[in-house]
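Please read the structure below before turning to the comments.
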Amino acid sequence: GGGGGGSDMSDSGGLPFAMQQHIKIAPAPNLPEAARVALARLLPVALTAAVREIVSPVVERSVTIACMTTRELVLKDFAVEPDAARLRKAAHLMVSSLAGSLALVTCREPLKASVASQLRALLLQAGVVPPADPTALEQAVQAATVDNLELGCSLIESAATERAVRDIDEALASAVLSRQKHREKHGPPPHPGQPFFDPAYLQGRFPGALPESLRPRPGHLAPAPQRIYDDFASLPRAPPPPPGAPPTFAPQQGPGLGPGGHG
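In terms of the UniProt record's numbering, the sequence shown opens at residue 1 and continues consecutively.
Next comes the structure, spelled out in structure tokens:
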């Protein structure tokens, strides 16, 4: 992949300006002021480098699983749905939620390890010497990593959801086309004389193997299964803070960082 990622990161190699405003550095009384200033300056660089390092494999894996699952279920549930827009909306809701959740779960630990490692290396390059208390610098690195982990995770989550929506549209292109052709031929739904059936859906064992009561009826999806797709929009994606996180740490999402920004 690698293409189309320019919107996520600025060309300067740092975090986008909107992200920099949400960087958090906790007070570190045992750390000399020069070391603390260097830590605050280098943290955005470390976070960006860590995100760049793991974003591709995490997004690739999360999006592949989410798209395969979504495509199979949506094509089955909407096999007699004539409206391509309803099909796509349900697919977008489901694939965004799945890809975002998978990306968050997958990226958390490797991102945490990478941010801390990058930050240590950058501080060393900058000539920051460990203070009289050698554990103080490491504690500050760990605290800065944990306090800003949600920020890095939200970048990766956004990349996964955006890519998933693009990929599911490609995966459903033929299903959308067959509905558009049906509409061109028979006019907008409902068309009682010519109900829509997805030709791909009729070729498998499904729905012949289902009992009559479970087979889809021609026309729009019933409200109950439709609600399952609508509910994907309100599922929380951020897992609880990991055990051992300092008690002051509460994962926060800044404006525009959360999962809600995908239409």
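Yeah, the Cβ is synthetic: ideal placement off N, Cα and C, and Gly gets one too.
With respect to the 7 angstroms criterion, Pro225 and Asp77 are classified as neighbours on the basis of their beta carbons. Counting other Cβ atoms within 10 Å of its Cβ, Glu184 stays below 16 and is therefore classed as exposed.
Counting of Cβ neighbours within 10 angstroms places Asp230 among the exposed residues, the total staying below 16. For Val141, the enclosing alpha helix (DSSP H) begins and ends at 134 to 147. Under the 10 Å beta carbon count, Asn30 is surrounded by fewer than 16 other beta carbons and is classified as exposed. Cβ neighbours of Ala171 within its own chain (closer than 7 angstroms, five residues either side excluded): Cys67, Arg71. Proximity of the stretch 79 to 98 to the stretch 123 to 136 falls short of the contact definition, fewer than three beta-carbon pairs being nearer than 8 angstroms. The C-alpha of Phe196 lies about 57 angstroms from the C-alpha of Ala143. Per DSSP, reduced to three states, the secondary structure at His22 is coil, with no helix or strand assignment. Contact between Ile168 and Ala91 holds, since their C-beta atoms are separated by about 5 angstroms, short of 8 angstroms. His186 sits in a helix when the DSSP states are folded into three classes. For Gly100, the enclosing alpha helix (DSSP H) starts and ends at 84 to 125. Distances from the alpha-carbon of Ser56 to those of Ser96, Pro110, Ala116, Glu81 put Pro110 closest. Per DSSP, reduced to three states, the secondary structure at Gly219 is coil, with no helix or strand assignment.
Pairwise C-beta distances place the stretch 111 to 120 out of contact with the stretch 173 to 187, as fewer than three of them are shorter than 8 angstroms. The alpha carbon of Pro189 has as its nearest neighbour, out of Gln118, Pro32, Glu33, Leu221, the alpha carbon of Leu221. Contact annotation: Ala173 and Val59 have beta-carbon atoms that are not nearer than 7 angstroms. Beyond the five residues adjoining it in sequence on each side, Glu53 comes within less than 7 angstroms, by CB distance, of Ser114 in the same chain, given in chain order.
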